[in-house]
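Novice: For reference, the structure I am asking about is given below.
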Amino acid sequence: MTVYRGIKITNSWVATSSGPGGGTPSRASSLKGCKKATLEEVLEYQNSNVVLRIQRELGVEVSKAQEFFTDLKRFLWLVANSSVECLVPSPVVDEAWHSFVLFTQEYTDFCDRYFGRFIHHSPVHQGEARMTAEDLQPTIDAVQAAFGGIPSTNWHYVPVKELLAA
């Protein structure tokens, strides 16, 4: 078992610990009600600049960076299509998001084209309440409902370094 930001992680996705979280995971929010692209349409979007940035930032092969970018697109699609008000990306999906957001025009165009609006990246600040497994449960439930399970290990709430070492 691993503890990530105060959350007990087991071989499953996230343990149902109600202990305090630590660190600063990000949250996503968006307006609801706009016409949105299908998941398949969103996954067709390619951006080699973002993939190369993810590769450089995380020190992974291009194929792994592409996988992270694909999971980020899944997450953003979920944000745009879920009734859950605040979804929390896994650490590696969050890192991929940081890379995409830096390409401001491309990220804005992507959001407008596929979701009809901008999806904001809102980090949790140190002074705010810490995330707990209970806080993550709505995201876990939404992911499992939308994708029929967890799409890949990139969705596990474990530190990026630990995931990359596996």
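Counting in this note's numbering, the sequence shown runs from 1377 upward without gaps.
Cβ coordinates follow ideal geometry from the N, Cα and C atoms, glycine included.
1) Under three-state DSSP, which class holds residue 1497?
2) Short of 7 Å in beta carbon distance, which residues of its chain neighbour residue 1468, apart from the five on each side in sequence? Order them along the chain.
3) Tell me which same chain residues have a C-beta within less than 8 Å of the C-beta of residue 1423, skipping the five on either side of it?
4) Of the residues 1491, 1488, 1499, 1534, which one's Cα is nearest the Cα of residue 1509?
5) So, are the CB atoms of residue 1465 and residue 1473 less than 8 Å apart?
6) For residue 1417, tell me which candidate among 1484, 1442, 1426, 1490 has the shortest Cα-Cα distance.
7) Quick one: residues in its chain with C-beta nearer than 8 Å to the C-beta of residue 1438, no 5 flanking neighbours on either side, listed in chain order?
8) Residue 1461: buried (16+ other C-beta within 10 angstroms of its C-beta) or exposed?
Specialist: Reading off the structure:
1) For the purposes of this step, residue 1497 is taken as the residue at position 121 of the sequence shown. Of the three classes helix, strand and coil, the one that applies to residue 1497 here is strand, per DSSP.
2) The count along the sequence shown starts at 1 and reaches residue 1468 at position 92. If we look at residue 1468 and ignore the five residues flanking it on each side, its Cβ neighbours are 1444, 1530, 1536, 1539.
3) Looking up residue 1423 in the sequence shown gives position 47. Excluding positions up to five away in sequence, the list reads 1445, 1476, 1479, 1482, 1486.
4) For the purposes of this step, residue 1509 is identified with residue 133 of the sequence shown, where counting begins at 1. Closest option to residue 1509, Cα to Cα, is 1534.
5) As a working mapping, residue 1465 is identified with position 89 in the sequence shown. As a working mapping, residue 1473 is identified with position 97 in the sequence shown. Yes, Cβ-Cβ distance for residue 1465 and residue 1473 is below 8 Å.
6) Here the question's residue 1417 lines up with position 41 in the sequence shown. In terms of CA proximity to residue 1417, 1490 leads the group 1484, 1442, 1426, 1490.
7) Along the sequence shown, read from residue 1 onward, the residue named residue 1438 stands at position 62. Closer than 8 Å at the Cβ level, and outside the excluded window around residue 1438, lie 1427, 1428, 1431.
8) Within the sequence shown, the letter at position 85 stands for residue 1461. So residue 1461 counts as exposed.
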